[in-house]
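Q:
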Amino acid sequence: MQYRDISLMAYEVIYIWIFFVCASLHTQTVDISTRRECILRSLMIYLGEPVEYLIKESQGVQENEAQELDQSAMSIVVAKNDDSHPPTKDVTIFIEGTQVLSQLPSVATAFVMLFGLIYALNLKYPKKLQFTFEFVQKVLMELEAKTMSPKVNRLSAQLYRSE
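Per the working numbering, the very first residue in the sequence shown carries number 575; after that it's consecutive.
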């Protein structure tokens, strides 16, 4: 068996896993924000990009986490407050260590807002997340869709084939 066959099998296993996770989420959860976040995280995993590079979860931003935010180009921070009743979460967008937007309702909303900020401010996508943003731009929004990286093109072809 060649290396190419093994990598295709790995992609198929991940694809099946994502399908079952999303299907079980559909039957268990009514909240659309949770479903969207699951799909976003699954997309990042499928494309081989680290989820924790973009989405960081914390119990409030502490000093060591603030230093970590300075090092990352762009991040979405989910600060959970389990002390309040009912438990709340604050979703915030940071660009180059600076808080840009806060009190967003969900991770999915924060991702869309971050994408809009990148587009409006003419920023480059972070290297570690280039395929996720490229997928959103070229497949979902159909902007400059003719020039795709092979990884995004393969996923796009699989999605159109499964329709």
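The beta-carbon is built from N, C-alpha and C at its ideal position, and this holds for glycine as well.
Would you mind listing the alpha helix (DSSP H) stretches within the region 661-701 that are 4+ residues and don't spill past its ends, in chain order?
A: Within the region 661-701, the complete alpha helix (DSSP H) runs of at least 4 residues are 681-695.
Q: Have a look at the DSSP bridge pairing and note the partners of residue 652.
A: DSSP output for residue 652 lists 631 and 665 as bridge partner(s).
Q: Can you tell me whether residue 729 is helix, strand or coil according to DSSP?
A: Three-state DSSP puts residue 729 in a helix.
Q: Would you check if the distance between the CB atom of residue 621 and the CB atom of residue 650 is smaller than 8 angstroms?
A: No, the Cβ-Cβ distance between residue 621 and residue 650 is not below 8 angstroms.
Q: Given this structure, state the Cα-to-Cα distance separating residue 673 from residue 666, to the nearest angstrom.
A: Taking the straight line joining both Cα atoms gives about 7 angstroms.
Q: Evaluate residue 701 with the Cβ neighbour count: other Cβ atoms within 10 Å of its Cβ, from every protein chain shown; 16 or more gives buried, anything less gives exposed.
A: The residue in question, residue 701, is exposed, as its Cβ has fewer than 16 Cβ neighbours within 10 Å.
Q: Give a yes or no on contact between the region 603-613 and the region 668-687, applying the rule of three or more CB pairs nearer than 8 angstroms.
A: A contact exists between the region 603-613 and the region 668-687.
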